[in-house]
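**Student:** Here the sequence shown stands for residues 3 to 351, where the numbers follow the numbering used here.
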Amino acid sequence: MNQDTTIDRRSFLKGTGAASAVGIATLSGCLGEGGGENELVIGTAASATANYASMQGFGSAVNENTDDIYLDVRPNDGMAANVGDMARGEMDLALLTDYNALLIERGEDEYADIDYELTQLLKTATTEWILVSNDEDITSYDDIDADTSVSAGPSGTAVMDYFVEIMELLEIEFDETPVGFGDMGSALEEGRIDIGLSATNNAPTADEEEGTDLITPGWVQQLQGSSDVHPLEMAEDQFETVSDEFTTFAIDPDLVDGYDSTPDSIPGMVQTTYLCAPADAEGDLITTMMETAWDQRDDMGTYHDFLTFHQYDDHWTRFSFDGFPFHSAAADFYEDVGAWDDDLERASE
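Here it is, written out as structure tokens:
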């Protein structure tokens, strides 16, 4: 089905709980493979990314274990696009980062006219962004100047805007050069950029997770195979400056491999990703989705490595976005399973 026909999904899904399912059963199949009113369309990230692949795994974990709901997991140009797609009703749920949430809170540019209350459902992953180069003369952030071509992802993605802010904090000028995640390696090898983007995922953030290997996304493995790259180091005062504004993580080089060389500590610029929804998204469907996923939490990692940490109950709500509540159905669910924290905020019914 063409996405253009889903413009009114939010108004349609609002209020279509179990009591009304029989009355609209004739629409089953109209909105996707899973069947009409029991379907949730989920916007994710670019098709080359692990965020998209992991949500396909999440969707499989739900779809294979219940007939009461169907998750239609779709790629998107970037998580920034998910914000507007939910406003237009083209997506019911979507992945967003804490940086997307910050821009919504600021109300800047395309985020100025968001007409829904954003709520959180569950944490999906953290991404530790790393700048890399194959140029032996570029080893640190101090080697970047106005003529240095830097790609922090394709145009229109929030991660590029995120790094623009980081560079502004550090008072570093650079030549912003968008490149797709899957093309980073070839762009570096062909000399189209001087510095590209790499990443790890799910750095251990709790005692029980210590000793767990970081995840290297497939596009990063492709990057490492295409060019002999090394992560850039960052001076301690620079790292502290960024840490005052954003989440950072000093990555132990022993936890990663595939690089030509590594500094003693790799500066990771951390973004947390949550599955989000407008506050008026249908609660019954969200409850069904979360109950089904929760029942699979011990085996979630078999669907995708990103989902390994979902075996830990508190991982589902860790690093939640400041200033944004949890959907009322999600809050009720976490209370029922004993995973709610009173420090978390609940959206109004």
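Just so it is clear, CB atoms sit at the ideal spot from N, CA and C, and this is done for glycine as well.
For the alpha helix (DSSP H) that contains Trp131, what are its first and last residues?
**Tutor:** No alpha helix (DSSP H) contains Trp131, which is instead part of the beta strand (DSSP E) from Leu120 to Ser135.
**Student:** Please state if the CB of Ile268 and the CB of Ile132 are separated by a distance shorter than 9 Å.
**Tutor:** Contact: yes.
**Student:** Could you give the distance in angstroms between the alpha-carbon of Leu120 and the alpha-carbon of Glu191?
**Tutor:** Distance between the alpha carbons of Leu120 and Glu191 is about 41 Å.
**Student:** So, is Ala237 buried or exposed, given that buried needs 16 or more other C-beta atoms within 10 angstroms?
**Tutor:** Exposed.
**Student:** Mind checking Asp149: buried by the 16 CB within 10 Å criterion, or exposed?
**Tutor:** Classification of Asp149: exposed, given that the 10 Å Cβ count is below 16.
**Student:** If you count every other CB in all the chains shown that lies within 10 Å of the CB of Gly325, and 16 or more means buried, which is it?
**Tutor:** Under this definition Gly325 is an exposed residue.
**Student:** For the alpha helix (DSSP H) that contains Met302, what are its first and last residues?
**Tutor:** Taken as a continuous stretch (DSSP letters only), Met302 belongs to no alpha helix (DSSP H), as it is neither H nor E.
**Student:** At what residues does the beta strand (DSSP E) containing Glu41 begin and finish?
**Tutor:** Where Glu41 is concerned, the enclosing beta strand (DSSP E) stretches over Glu41 to Gly45.
**Student:** Do Asp266 and Glu235 have their CB atoms nearer than 9 Å?
**Tutor:** Cβ atoms of Asp266 and Glu235: closer than 9 Å.
**Student:** Given this structure, state the Cα-to-Cα distance separating Gly340 from Ala281, to the nearest angstrom.
**Tutor:** Taking the straight line joining both Cα atoms gives about 22 Å.
**Student:** On the criterion of 16 or more Cβ atoms from any shown chain inside 10 Å, does Gly285 qualify as buried, or is it exposed?
**Tutor:** Counting Cβ neighbours within 10 Å, Gly285 comes out buried, since at least 16 surround it.
**Student:** Restricting to runs no shorter than 4 residues, where is the alpha helix (DSSP H) found entirely within the region 176-239?
**Tutor:** Whole alpha helix (DSSP H) segments, 4+ residues: 186-191 and 220-228.
**Student:** So is Ser49 buried or exposed if we call it buried at 16+ other beta carbons inside 10 Å?
**Tutor:** Ser49 comes out exposed.
**Student:** Could you spell out where the beta strand (DSSP E) holding Tyr54 opens and where it closes?
**Tutor:** Careful: Tyr54 lies outside any beta strand (DSSP E), inside the alpha helix (DSSP H) at Ala52 to Asn65.
**Student:** Please go through the same chain and pick out, in chain order, the residues whose beta-carbon is closer than 8 Å to the beta-carbon of Thr250, but skip the five residues on each side of it.
**Tutor:** Counting only Cβ-Cβ distances below 8 Å, and skipping sequence neighbours, we find Phe241, Val244, Pro269, Gly270, Met271 and Val272.
**Student:** Which residues does DSSP pair with Ala96 in a beta bridge?
**Tutor:** Its beta-bridge partners are Gly45 and Cys278.
**Student:** Are Leu42 and Phe60 closer than 9 Å when you measure CB to CB?
**Tutor:** Contact: no.
**Student:** Return the bridge partner residues of Met271 from the DSSP annotation.
**Tutor:** Looking at the DSSP assignment, Met271 forms a beta bridge with Trp131 and Thr250.
**Student:** Kindly list the residues whose CB is nearer than 7 Å to the CB of Leu309, restricted to its own chain and excluding five residues on each side of it in sequence; keep chain order.
**Tutor:** Once the five neighbours on either side are set aside, the close Cβ partners of Leu309 are Ser56, Gly59, Phe60, Met302 and Gly303.
**Student:** Tell me whether the beta-carbon of Thr129 lies closer than 9 Å to the beta-carbon of Ala201.
**Tutor:** Contact: yes.
**Student:** Along the chain, where does the alpha helix (DSSP H) that runs through Tyr72 open and close?
**Tutor:** No alpha helix (DSSP H) contains Tyr72, which is instead part of the beta strand (DSSP E) from Tyr72 to Arg76.
**Student:** Measuring straight from C-alpha to C-alpha, what distance separates Glu110 and Leu104?
**Tutor:** Glu110 and Leu104: Cα-Cα distance of roughly 10 Å.
**Student:** What residues are listed by DSSP as bridge partners for Val152?
**Tutor:** Paired residues: Glu178 and Ile197.
**Student:** Could you check where the alpha helix (DSSP H) with Ala89 kicks off and where it finishes?
**Tutor:** Element bounds for Ala89: Met81 to Ala89.
**Student:** Exposed or buried, Ala333, counting other C-beta atoms within 10 Å across all chains shown (16 or more means buried)?
**Tutor:** Ala333 comes out buried.
**Student:** Could you tell me which residues DSSP pairs with Ser142 in its beta bridges?
**Tutor:** Partner(s): Glu235.
**Student:** Taking the C-alpha atoms as reference points, what is the distance between Asp367 and Ala189?
**Tutor:** Here the chain comprises residues numbered 3 to 351, so residue 367 is not present and cannot be evaluated.
**Student:** Going by alpha carbons, who is nearest to Ala349 out of Val231, Leu123 and Gly182?
**Tutor:** Ranking the options by Cα distance to Ala349, first place goes to Leu123.
**Student:** Return the CA-CA distance between Glu170 and Gly182, expressed in angstroms with no decimal places.
**Tutor:** Looking at the two C-alpha atoms, the distance is approximately 22 Å.
**Student:** Quick check on the DSSP output: the alpha helix (DSSP H) that includes Asp338 runs from which residue to which?
**Tutor:** Note, Asp338: alpha helix (DSSP H), Ser330 to Val339.
**Student:** Would you kindly report the start and end of the unbroken alpha helix (DSSP H) that includes Asp163?
**Tutor:** Where Asp163 is concerned, the enclosing alpha helix (DSSP H) stretches over Ala160 to Leu171.
**Student:** Suppose contacts are defined by Cβ-Cβ distances below 9 Å. Is Asn203 in contact with Ala89 by that definition?
**Tutor:** No, these two residues do not count as a Cβ contact at 9 Å.
**Student:** Any idea what DSSP makes of Arg108, helix, strand or coil?
**Tutor:** Arg108 falls in the helix class under three-state DSSP.
**Student:** In chain order, what residues of the same chain lie with their CB nearer than 7 Å to the CB of Gly86, ignoring the 5 residues before and after it?
**Tutor:** Hits under 7 Å: Glu112.
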